[in-house]
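Counting from 12, one number per residue, gives the positions in the sequence shown under the numbering used here.
Here the structure comes first, spelled out in structure tokens, and everything after it is commentary.
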Amino acid sequence: MVTEISLSDVRGLIGMETGLSDWITVDQTMIDAFAAATDDHQFIHVDPERAAAESPFGGTIAHGFLTLSLLSAMNYNCLPKVREQTMGINYGFDRVRFMTPVKSGARVRGRFLLSDARFRGGGMLMTTYDVTIEIENEKKPALTAKWITIIQFDPKDRPEDA
């Protein structure tokens with residue numbers, strides 16, 4: 012995979028898979044820390060014995076929002092850095108779908124396809140990624156979404172053909 016690109020190269024990557032992250036293990040410690048941070052202590056996340064006995068999952072599962080939040084780490088792990096970028100901004104998500112629960116101990120990774128890139132104003136490039144979080148040894152993904160981000164850059168670095 013390419014680790015660094017120029018701002019003028021980004022639009023040429025539309026329609027291409029631009030990143031596949033390393034695997035991340037979602038263990039009970041991570042799930043418990045997320046529960047503490049968000050005050051979401053539902054038993055299906057934090058009580059392994061009760062979740063095994065009373066849920067259809069056979070044990071605890073990660074919060075959907077925990078799985079979604081891992082996209083930040085996955086992004087840093089695998090997407091090429093834009094040389095001219097001064098800052099990245101998370102603009103939001105469209106069509107987030109939680110397809111398959113992530114069981115405690117499972118490994119997940121992110122797959123990124125650049126679906127759009129549009130210059131906005133003098134120093135911004137809005138990018139949209141079709142993202143998928145895959146679960147190791149599962150047919151269906153944990154989630155799919157459209158992730159919109161903004162690449163901030165010095166306006167003097169804007170490509171002339173943009």
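Every residue, glycine too, gets a C-beta built ideally from N, C-alpha and C.
Counted within 10 angstroms of its Cβ, other Cβ atoms place residue i as buried (16 or more) or exposed
i, result
"H56", "buried"
"F45", "buried"
"M27", "exposed"
"Y87", "exposed"
"R94", "exposed"
"V21", "buried"
Contact belief for residue i with residue j at Cβ below 8 Å, rounded distance in angstroms
i, j, result
"A64", "T71", "Not really, about 12 Å apart at Cβ, beyond 8 Å."
"G132", "F109", "Their Cβ separation, rounded to whole angstroms, is 34 Å, which puts G132 and F109 out of contact at 8 Å."
"A153", "V107", "Actually they are not in contact, since the Cβ atoms of A153 and V107 sit about 11 Å apart, beyond 8 Å."
"A156", "V113", "The Cβ separation is near 15 Å, so there is no contact."
"T160", "N101", "6 Å"
Residue i, DSSP secondary structure in three states
i, result
"G99", "strand"
"M137", "strand"
"E171", "coil"
"E65", "helix"
"G30", "strand"
"D43", "helix"
Cα-Cα separation, residue i to residue j
i, j, result
"M98", "T111", "33 Å"
"L82", "T49", "17 Å"
"K151", "S19", "35 Å"
"Q96", "Y140", "17 Å"
One or two residues paired with residue i in a DSSP bridge
i, result
"R118", "T36"
"V93", "I16"
"T155", "R108 and T143"
"D127", "T139"
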